[in-house]
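Residue numbers (the working numbering): 10 to 341. Don't be surprised by glycine CBs; every beta carbon is placed ideally from N, CA and C. In this text the structure is predicted, and so the values were computed from the model without any measurement. The block underneath contains the structure these notes are about, expressed in structure tokens.
Structure (structure tokens):
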């Protein structure tokens with residue numbers, strides 16, 4: 010009976026600890042005004058114009074979509090480029106696939122507004138945002154862009170990892186899972202984070218770059234507290250499990266091989282660069298294990314130092330200070 014009670018006590022303690030780790034990000038945003046962002050569909054508007062009346066049609070759209078049509082529409086070169094784009098049979102087909110996959114943007118609009126409401130909670134002075142969707146022509150390296158105060162979302166890069174055209178284009182297979190609607194708001198917040206958290210180009214060592222990536226990820230998590238870790242870290246479920254199960258091993262490897270303060274480009278790239286896996290640990294490992302470690306360090310730092318605000322985290326440039334104050338030491 011005593012053993013059972015002890016087991017139950019430990020189980021409750023574990024559950025409470027897990028919940029406590031998340032409490033820092035579970036903030037009440039009910040008093041924050043609704044951002045009321047209305048996502049405008051430039052792709053839909055553009056691919057439904059009367060191309061026989063191209064110039065007047067574009068001038069009609071210009072007030073609604075100035076970020077896309079800010080140049081001189083009377084320029085024949087610009088007009089011809091737009092005409093070729095909207096008459097491209099491949100892109101017309103892709104637009105139809107986008108329209109079928111996203112008949113409306115109600116869910117996306119709700120999720121984006123909730124994330125921006127969190128942004129306004131932490132940073133009331135943050136400028137108001139506009140959001141647009143468009144057809145990029147498969148710009149897979151920049152599925153979301155932040156231009157001034159405009160979020161530009163390439164819906165043709167969120168048609169699902171199994172969308173057949175992605176493989177035809179030769180896009181690396183290991184990045185395909187991220188081309189899902191689950192990633193859109195995450196990617197939007199990552200772009201905002203990247204605009205607010207500037208890297209220190211004088212600090213090229215592995216630890217500094219890991220902490221920088223950890224800041225970006227923690228920012229995103231603060232904006233979307235219920236975001237799944239696998240989406241946040243851009244990992245497959247088995248990759249996330251590997252990272253968690255081998256966290257201590259990876260950290261010990263970095264320490265034993267004196268990598269933390271190394272600025273050797275190959276080492277840094279292997280831990281932070283895009284790849285199917287982290288080559289130090291074999292094909293079963295997920296990529297970017299430096300991102301994972303950086304996020305864990307920053308999370309430990311913020312959980313242990315409740316007086317540190319998100320704004321202060323962003324401004325703290327001393328990676329060694331963050332590591333020390335985090336008391337990060339995962340078990341082997």
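Beta bridge counterpart(s) of residue i as assigned by DSSP
i, result
"residue 142", "50 and 162"
Where residue i falls, given that 16 or more other Cβ within 10 Å makes a residue buried
i, result
"residue 177", "exposed"
"residue 96", "exposed"
"residue 121", "buried"
"residue 321", "exposed"
"residue 156", "exposed"
"residue 142", "buried"
"residue 134", "exposed"
"residue 173", "exposed"
"residue 102", "exposed"
"residue 36", "exposed"
"residue 272", "exposed"
"residue 270", "exposed"
"residue 332", "buried"
"residue 146", "exposed"
"residue 165", "buried"
"residue 295", "buried"
"residue 59", "exposed"
"residue 305", "buried"
"residue 283", "exposed"
"residue 264", "exposed"
"residue 335", "buried"
"residue 86", "exposed"
"residue 245", "exposed"
"residue 216", "buried"
"residue 80", "exposed"
Span of the alpha helix (DSSP H), counted from its first residue to its last, around residue i
i, result
"residue 259", "256-265"
"residue 188", "No alpha helix (DSSP H) holds residue 188; DSSP gives it neither H nor E."
"residue 175", "173-177"
Continuous beta strand (DSSP E) stretch holding residue i: start and end
i, result
"residue 153", "153-156"
Check: residue i C-beta below 8 Å from any heavy atom of the ligand ADP
i, result
"residue 91", "The ligand ADP is not part of this structure, which contains no ligands at all."
*asked:* When you compare the region 216-236 with the region 295-310, are there three or more beta-carbon pairs, one atom per stretch, that lie closer than 8 Å?
replied: yes
What runs of the alpha helix (DSSP H), each 4 residues or longer, lie entirely inside the region 94-119? 98-110
TODO: Could I get the ranges of all uninterrupted alpha helix (DSSP H) runs contained in the region 36-80, with 4 residues as the minimum, in chain order?
DONE: 51-55 and 63-70
Can you list the alpha helix (DSSP H) stretches of 4 or more residues lying completely in the region 246-331, in chain order? 246-254, 256-265, 274-281, 298-313 and 319-324
Do three or more CB pairs link the region 283-290 to the region 194-209 at distances below 8 Å?
no
Going residue by residue through the region 206-244, where are the continuous alpha helix (DSSP H) segments of at least 4 residues, counting only ones entirely within it?
215-232 and 238-242
field: the region 311-318 contacting the region 237-257, beta-carbon criterion three pairs below 8 Å
entry: no
| Counting pairs of beta carbons, one from the region 64-74 and one from the region 146-153, are three or more of them closer than 8 Å? | no
Does the count of Cβ pairs from the region 48-55 and the region 105-117 closer than 8 Å reach three?
yes
Q) Between the region 225-233 and the region 123-134, do at least 3 Cβ pairs fall closer than 8 Å? A) yes
Q) Do the region 187-196 and the region 238-250 touch if we need at least three Cβ pairs shorter than 8 Å? A) yes
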